[in-house]
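Here's the structure we're looking at; comments come further down.
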Amino acid sequence: MTANFTCLLRKKIKRTRKMIPRRRETFEPVTMGHIRSHGCRDLLVYCDSGRCHHSTALNADWLPDETPVRSLCRRMVCTRCGMIGADVRPDGSPHTNQPIPLKLN
Ligand SMILES: [Zn+2]
């Protein structure tokens with residue numbers, strides 16, 4: 706079995722079709738003004754250390770509208786482990802998983 710595996714690795718793979726390069730899509734960075742236009746006012750921040758798993762939600766009303774959300778990642782400092790850098794995302798939880806009101810006729 707091991708010999709067959711090695712043999713397959715050495716076999717030259719023929720490409721039957723040429724790969725078609727995709728046009729790369731670029732998007733404007735998501736800003737605080739953009740997420741506020743969707744009613745989102747809070748950010749979720751996750752520590753990037755991979756060890757402490759600290760996370761928190763913080764209010765972002767003090768940030769200017771033109772602030773890109775991703776630019777905040779490298780500015781965050783974990784208050785638990787001291788790691789500089791975090792994953793910052795808009796907190797959409799107030800708009801999701803809301804109970805559906807009952808319709809009473
Ligand atoms: Zn941490």
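Numbered per my numbering, the sequence shown spans residues 706 to 810. Here a beta-carbon is modelled for each residue, glycine too, at the ideal position from N, C-alpha and C.
Not one heavy atom of ligand 1 sits closer than 6 angstroms to the Cβ of S760. Per DSSP, the continuous alpha helix (DSSP H) segment holding S742 begins and ends at 737-742.
When the alpha-carbon of P769 is set against those of I740, A762, K808, the nearest one is in I740. Straight-line measurement puts the Cα of A762 at about 30 angstroms from the Cα of E730. Annotation for S754: C783, C786, M788 place their beta carbon closer than 8 angstroms to its own, counting only its chain and skipping 5 residues before and after. P795: member of the beta strand (DSSP E) spanning 791-795, first to last residue.
A Cβ-Cβ contact shorter than 7 angstroms links P734 with P773.
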